[in-house]
Amino acid sequence: MAAKRGATGRRLDLGIQLRQLRENCPPVEDGRARGMTRKAAVRGLRQLSEASLARIEHGELNFRRNVGDLRTLLKRYAVEDDELIEYLVELNREAANDDWLTTFRAFMPTGMPHYVGLEAEATEILAYHPTVVCGLLQTEDYARALFEVQRPVEDTTSEFIQRNVDLRMERKRRVLERGDVRLRVILGEAALRIPVGDDETMLEQYREIIKLARQDHIQVQVLPFRRGYRATNDFAILDLGELPSRVQTDNAWGAVSTSDKPREVDRFTRRFNAMVGAALGLEETIEFLESLTGK
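For the sequence shown, this note's numbering puts the final residue at 299, and the numbers step up evenly by one.
(1) Threshold first: 4 residues or longer. Then list the alpha helix (DSSP H) segments lying entirely within the stretch 160-208, N to C.
(2) Quick one: Cα of Leu191 to Cα of Arg69, how far?
(3) Below 8 Å on the Cβ atoms is my guess for Arg42 versus Glu54; work out the distance and round it to an integer in Å.
(4) Is the distance from the Cβ of Arg250 to the Cβ of Leu122 below 8 Å?
(5) Just to check my reading of the structure: Leu95 and Leu18 have Cβ atoms closer than 8 Å, yes? What is that Cβ distance to the nearest angstrom?
(6) Within 10 angstroms of its Cβ, does Tyr119 collect 16 or more other Cβ (buried), or is it exposed?
(7) Please report the straight-line C-alpha distance between Pro248 and Ile60, rounded to a whole angstrom.
(8) Between Glu163 and Ala235, what straight-line distance do the alpha-carbon atoms span, to the nearest angstrom?
(9) Taking only three categories from DSSP, how would you classify Val157?
(10) Between the stretch 164-175 and the stretch 196-204, are three or more C-beta pairs nearer than 8 Å?
(11) Here's the rule I'm using: 16 or more other beta-carbon atoms within 10 Å means buried, otherwise exposed. How should Leu207 be labelled?
(12) Are Pro113 and Leu105 close, meaning C-beta to C-beta below 8 Å?
(13) Could you check if Thr107 is buried or exposed, using at least 16 other CB atoms within 10 Å of its CB as the buried criterion?
(14) Exposed or buried, which one is Ala259 when buried takes at least 16 other CB atoms within 10 Å?
(15) Out of Pro134, Gly298, Arg172, state which residue places its alpha-carbon closest to the alpha-carbon of Asp145.
(16) Any idea if Thr289 is buried or exposed, counting beta-carbon neighbours within 10 angstroms, 16 or more meaning buried?
(17) Below 8 Å CB to CB, which residues in the same chain sit around Arg155 once its five sequence neighbours on both sides are set aside?
(18) What residue from Val179, Gln21, Val32 has the CA that sits closest to Ala44's CA?
(19) Return the CA-CA distance between Ser263 and Arg230, expressed in angstroms with no decimal places.
(20) State the CB to CB distance for the pair Glu210 and Thr297, rounded to an integer number of angstroms; the pair is presumed to be in contact (CB under 8 Å).
(21) Can you tell me which residues form a DSSP beta bridge with Thr132?
(22) With a cut-off of 8 Å on the beta carbons, I'd call Leu286 and Pro228 a contact; round off their distance for me.
(23) I need the straight-line Cα distance from Arg186 to Gly48, nearest angstrom please.
(24) With a threshold of 6 Å on Cβ separation, who are the neighbours of Leu52 within its own chain once the five nearest residues in sequence on each side are excluded?
(25) So Leu150 and Leu180 are supposed to be a Cβ contact under 8 Å. How far apart are they, rounded?
(26) Going by DSSP, what residue range makes up the beta strand (DSSP E) through Ser56?
(27) Compare the Cα-Cα distances from Cys138 to each of Ile222, Asp243, Gly63 and report the closest residue.
(28) Can you pull the DSSP bridge partners for Arg47?
(29) Provide the residue span of the alpha helix (DSSP H) that contains Arg218, from first to last.
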């Protein structure tokens, strides 16, 4: 059974429907055959800016304290179906419910809460990590050692590190224990060769990946140093079922960004598939990992 849609999924659903209504409503501006711009949609609304409407349509926000603006927009979009209006109002209310991320938000980079919410909605996750083990495969000790290595440069606190380790382990538990999400990961050989923590930490990490890779809904492949095409930076592609797929990347400042533009999703999907073809097979990958453990 699919997981019940969370707050992020409801915001995505609300945003998609509002964007479709705006783009297909009767025109109010000269030169348009149909629909209206966001600028025209929010004209005269004090609590709703054009930028805020864009974030709502992308599923990043909802109408928390200004549900009246939602009703005004629906009126401007010429929505007269009372059932649809009340459905969208109720969807907005449910999208405002706090989730388990509430206690972690202060320690997360820009865009990360939205992405973690998307993870919970995914039916399939494709992830590529060239230099660091994918977070959903990490052990607690590996994750902590990784944050500790970054500590002098990023000037982080002990509380920051502990909260982020807790967050990573909770993300891992929630995604992997569902059983209804398929996880496909490509790890660059460097992600397994570069030491993080001591030898025991790395050994435990290798064993954890082997254990996870043997589960039916998880596939792990290693991309060797001198083998075929490889992307430079890590990324993830989320299949969200009935909702548009999303691609996720990190920027140089650590912020997390996602896009549902078909062109971007297709481009990163081609990259992933090219690396699948170049990487070791599933059994070869387990044999490679076992060789790292000394077997």
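Glycine residues also receive a C-beta, built at the ideal position from the N, C-alpha and C atoms.
Let me lay it out:
(1) Segments of the alpha helix (DSSP H) lying fully in the stretch 160-208: 162-180, 193-197.
(2) If I take the Cα positions, the gap works out to 44 Å.
(3) At roughly 5 Å, the Cβ-Cβ gap stays under 8 Å, so Arg42 and Glu54 are in contact.
(4) Cβ distance < 8 Å, so Arg250 and Leu122 count as in contact.
(5) Here Leu95 really is in contact with Leu18; their C-beta atoms are around 5 Å apart, less than 8 Å.
(6) Buried is the label assigned to Tyr119, since at least 16 other Cβ atoms lie within 10 Å of its Cβ.
(7) In a straight line, the C-alpha of Pro248 is about 15 Å away from that of Ile60.
(8) Here the C-alpha atom of Glu163 lies approximately 33 Å from the C-alpha atom of Ala235.
(9) Three-state DSSP puts Val157 in a helix.
(10) With the cut-off at 8 Å, the stretch 164-175 and the stretch 196-204 do not touch.
(11) By the neighbour-count criterion, in which 16 or more other beta carbons inside 10 Å mark a residue as buried, Leu207 falls on the exposed side.
(12) Not closer than 8 Å, so no.
(13) With fewer than 16 Cβ atoms within 10 Å of its Cβ, Thr107 is classed as exposed.
(14) Burial call: exposed.
(15) Nearest in C-alpha terms to Asp145, of all of Pro134, Gly298, Arg172, is Arg172.
(16) Burial check for Thr289: the Cβ neighbour count within 10 Å reaches 16 or more, so the residue is buried.
(17) Hits under 8 Å: Ile165.
(18) Of Val179, Gln21, Val32, the residue nearest in Cα terms is Val32.
(19) For Ser263 and Arg230, the gap between their C-alpha atoms comes out near 31 Å.
(20) In the sequence on display, residue 210 carries Tyr and not Glu. Contact between Tyr210 and Thr297 holds: CB atoms are separated by about 5 Å, below the 8 Å threshold.
(21) Sequence inspection shows Tyr at residue 132; the Thr mentioned does not correspond to that position. Answer is Ile190, Phe239.
(22) The C-beta distance from Leu286 to Pro228 rounds to 15 Å, too long to meet the 8 Å contact threshold.
(23) Cα to Cα, the separation comes out at about 46 Å.
(24) Cβ neighbours of Leu52 beyond the five flanking positions: Val46, Asp73.
(25) Actually they are not in contact, since the Cβ atoms of Leu150 and Leu180 sit about 19 Å apart, beyond 8 Å.
(26) For Ser56, no beta strand (DSSP E) run applies; the uninterrupted alpha helix (DSSP H) run containing it begins and ends at 54-61, by DSSP.
(27) The shortest C-alpha separation from Cys138 is found at Ile222.
(28) Beta-bridge pairing links Arg47 to no other residue.
(29) DSSP places Arg218 in no alpha helix (DSSP H); its state is neither H nor E.
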